[in-house]
Amino acid sequence: MKYRLLFALPLCAALAGCSGGGNQDQGVQVRNAAWQQAMDAGQQALAIGRYSVAEREYREASRLALRDDDPQGIADSSYNLAVTQLSADKPTDALETVQNARAALEIRSVGIQAQTAGTEQKTAAMGTSALDLVAAGAYSRLGRLAEAADMARRAEQSSETDIRQRAMFIAGIVAARRSDSATLAASLQSLSSLPQPHSLDVQGDVVALQALTLLHTDPARAQELAAQAVELRRKNGDDRAMIHAMALEAQAAKAAGHPEVASALLARAAQGQAARSATTGQNDPLAIQYMSEAGLSLPLQPFAVKETEK
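Numbering (mature numbering (1 follows the signal peptide of the UniProt record, and there is no 0)), first residue to last: -16 to -1, 1 to 294.
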């Protein structure tokens, strides 16, 4: 499984001098090593879906960054923490993390403009844009679509290409849910106009938004495009986006007059979503919804460990 942060944005790599660098004494190097160790452990846990472990490690990294009064470290670790919480389908927790991170960065930006126009200012702006992006995703998951649209618009103003790209996609998804065809079309145009060659992420985003655009006017073509999105997400290792594209393909198949195909796709999406959430030990409501809509009597987790086997 490919490791991805939310929307494929490794924030630390984009921040100049992430958590230190240059001439440092041994004590500083040891502290930075502890922070990096927690970050690496969080990344490894997230890569295999161990969300509770990843969350613990990113909380520890955030604590260490606060101890060292390191805005760069705070921005990076808190972003990764919020991403992990979203990956674990905990958008409310992710929003709380975003709010706490904003407050922590804000008090550390006081007086910075008077002191320097260098790395610290860039870090604050970068961290804010990344947090806007996470907030947009969290609000979207919670159905707070107006707030999601607002955060996506803010993130689209970022100077960072990766942040802008993911914000464009979220803006399009939210617009489709709000029946805002103008914003959906604008988001699709913005993504399509990104410099070539497009990454797998961008390719998947474009065909997914194209499918949404045609869903009600040409469902057969929308089904074809959604199927392309499924394969692009699969190739990119983005299981969550693949499942969502599969559900979109099912919606288009049903609209195109293929109910049996739609049922099979929804059942596949249900089992995939249940497998994603299996590590949390909770029944996933989205998986339950998909299987209910499929109308098939299939187990959500056919290969789950039985209580007697534990």
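Don't be surprised by glycine CBs; every beta carbon is placed ideally from N, CA and C.
(message) With a threshold of 7 Å on Cβ separation, who are the neighbours of Y274 within its own chain once the five nearest residues in sequence on each side are excluded?
(response) Counting only Cβ-Cβ distances below 7 Å, and skipping sequence neighbours, we find A231, L250, A253, A254, Q257.
(message) If I follow the unbroken alpha helix (DSSP H) through N84, where does it start and stop?
(response) Segment 75 to 93, the alpha helix (DSSP H) holding N84.
(request) Label P283 either buried or exposed according to how many other C-beta atoms from any shown protein chain fall within 10 Å of its C-beta, with 16 as the threshold for buried. (result) In summary, P283 is exposed, with fewer than 16 beta-carbon neighbours lying within 10 Å of its beta-carbon over all protein chains present.
(request) Kindly give me the distance between the Cβ atoms of A192 and A229, rounded to whole angstroms, as I take these residues to be in contact under 8 Å. (result) The beta-carbon distance between A192 and A229, rounded to whole angstroms, is 6 Å. This is short enough to meet the 8 Å contact definition.
(message) Which residue wins for smallest C-alpha separation from P179, given the options R162, D146, A225, A160?
(response) When only C-alpha atoms are compared, the closest one is D146.
(request) State the DSSP-derived secondary structure class of A289, mapped to helix, strand or coil. (result) In the sequence as presented, Ala is not what sits at residue 289; that position holds Val. V289: coil per DSSP, three-state reduction.
(request) Indicate the three-state DSSP secondary structure (helix, strand or coil) for E131 in the structure shown. (result) The answer is helix: DSSP assigns E131 an H, G or I state.
(request) Just the C-alpha distance for T107 and S261, rounded to the nearest angstrom, thanks. (result) Residue confidence is low: T107 scores 49 on pLDDT, short of 50, so the model does not pin down where it sits. Its coordinate-derived value is still stated next. T107 and S261: Cα-Cα distance of roughly 33 Å.
(request) Tell me whether L50 sits in a helix, a strand or coil according to DSSP, three-state version. (result) DSSP places L50 in helix when its eight states are reduced to three.
(message) Rounding to the nearest angstrom, what Cα-Cα distance links P286 and A17 in this structure?
(response) So the alpha carbons of these two residues sit roughly 42 Å apart.
(request) Could you check if S171 is buried or exposed, using at least 16 other CB atoms within 10 Å of its CB as the buried criterion? (result) Under this definition S171 is a buried residue.
(message) Determine whether the beta carbon atoms of L79 and A132 lie at a separation below 8 Å.
(response) For L79 and A132, no; Cβs fall outside 8 Å.
(message) Under DSSP, the alpha helix (DSSP H) around N267 begins and ends at which residues?
(response) Under the DSSP assignment, N267 falls outside any alpha helix (DSSP H); it carries neither an H nor an E label.
(message) Taking a contact to mean a Cβ-Cβ separation below 8 Å, would you say R150 touches L117 in this structure?
(response) Result yes, Cβ atoms of R150 and L117 sit closer than 8 Å.
(message) Comparing C-alpha positions only, which one of A166, V82, E215 sits nearest to S61?
(response) For the set A166, V82, E215, the Cα lying nearest the Cα of S61 is the one of V82.
(message) Does E140 pass the burial test, meaning 16 or more other C-beta atoms within 10 Å, or should it be called exposed?
(response) Residue burial is scored here from C-beta neighbours: E140 has at least 16 other C-beta atoms within 10 angstroms and is therefore classed as buried.
(request) Kindly indicate which three-state DSSP category G5 falls into: helix, strand or coil? (result) The predicted model places G5 with a pLDDT of 48, which falls under 50 and marks its position as unreliable; any figure quoted below should be read in that light. Residue state, collapsed to three classes: coil.
(request) Determine the burial state of S46: buried for a count of at least 16 other Cβ atoms within 10 Å of its Cβ, exposed for fewer. (result) So S46 ends up on the buried side.
(message) I'd like the list of long-range same chain contacts for S281, defined as Cβ closer than 7 Å, with 5 residues on each side in sequence excluded.
(response) Taking C-beta separations shorter than 7 Å and ignoring five residues to either side along the sequence, S281 has no partners in its chain.
(message) Looking only at its chain, what residues have a beta carbon closer than 6 Å to the beta carbon of A246, apart from the 5 residues adjacent to it on each side?
(response) Correct list, in chain order: A234, A237, K238.
(message) For a test of the three-state rule: what should DSSP assign to Q141, helix, strand or coil?
(response) Q141 falls in the coil class under three-state DSSP.
(request) Could you tell me whether the segment 179 to 188 touches the segment 161 to 170, using the rule of 3 or more Cβ pairs below 8 Å? (result) No contact exists between the segment 179 to 188 and the segment 161 to 170.
(request) Starting from T201, follow the alpha helix (DSSP H) in both directions and report where the run begins and ends. (result) Per DSSP, T201 lies in no alpha helix (DSSP H) segment and is marked neither H nor E.
(request) Going by CA-CA distance only, name the one from G121, R125, L126 that's closest to R138. (result) For the residues G121, R125, L126, the minimum Cα distance to R138 belongs to G121.
(message) At the level of alpha carbons, what is the spacing between L216 and A259?
(response) When rounded, the distance between both Cα atoms is 20 Å.
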